[in-house]
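Report on one structure; see the data block that follows.
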Amino acid sequence: MNPSIFLLFLAFAASHAGKPCEWIGDAPFCGSQNCYEGLTELARTGSGVNDGFTADFGNECITGMKTLCCKKTFVQVKHKNHCGRYPHEAGCPSGRFEVAEEKNGWYLFGVSYTKICCDQEIFANKTFFIREA
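Take the sequence shown: its letters are residues -17 to -1, 1 to 116, numbered as in mature numbering (1 follows the signal peptide of the UniProt record, and there is no 0).
This is the structure in structure tokens:
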């Protein structure tokens, strides 16, 4: 194997090793991406905002959506019926954890956002969600 390609692969792997989730899809034409083997889908959006445990969302999609995929060792079940979207101001309901924010667009006073929240019990590593105040 070419040493420079191997080093590039190691750098990419190291940069994603600490994050249990990543956004799949390339802007600006994101299409409709499925999660790779070993990952499970949590959400899809074309205008996500970076979050603490996901890799950078990157640029917004002009068409299609990116998929938020998490390691199966981190997420215990499929997202169906375990995740939902909530008004940014209201936050996540009790028992749900914010996994991402989605930009809905511009309005008179700024940008409108929605929170994507999932049931906490679907996550295998509960201590991951303890954040410093």
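Don't be surprised by glycine CBs; every beta carbon is placed ideally from N, CA and C.
Secondary structure of GLU43 (DSSP, three-state): coil.
Per the DSSP secondary-structure output, LEU22 pairs in a beta bridge with LYS54. In this structure, DSSP gives GLU85 an extended state, which the three-state scheme calls strand.
Rounded to the nearest whole angstrom, the CA to CA distance from LYS98 to CYS66 is 10 Å. Residue pairing from DSSP places ILE7 in a beta bridge opposite THR50.
Counted as a single uninterrupted DSSP element, the beta strand (DSSP E) harbouring CYS66 occupies residues 66 to 70.
Residues TYR69, GLU81, LYS98 and CYS100 of the same chain have their beta carbon placed closer than 8 Å to that of CYS75, with the five preceding and five following residues left out of the count. Counting along the chain, PHE92 sits inside no beta strand (DSSP E), nor does DSSP assign it H or E at all. Classified as buried, THR28 has 16 or more neighbouring CB atoms from the shown chains inside 10 Å of its CB. CYS13: member of the beta strand (DSSP E) spanning 12 to 15, first to last residue. The shortest CA-to-CA distance from ALA83 to any of THR46, LEU25, VAL94 and ILE7 is the one to LEU25. In this structure, the CA atom of PRO11 is about 5 Å from the CA atom of CYS44. Of GLY31, LYS2, MET48 and GLU5, the smallest CA-CA separation from GLN16 is found for MET48.
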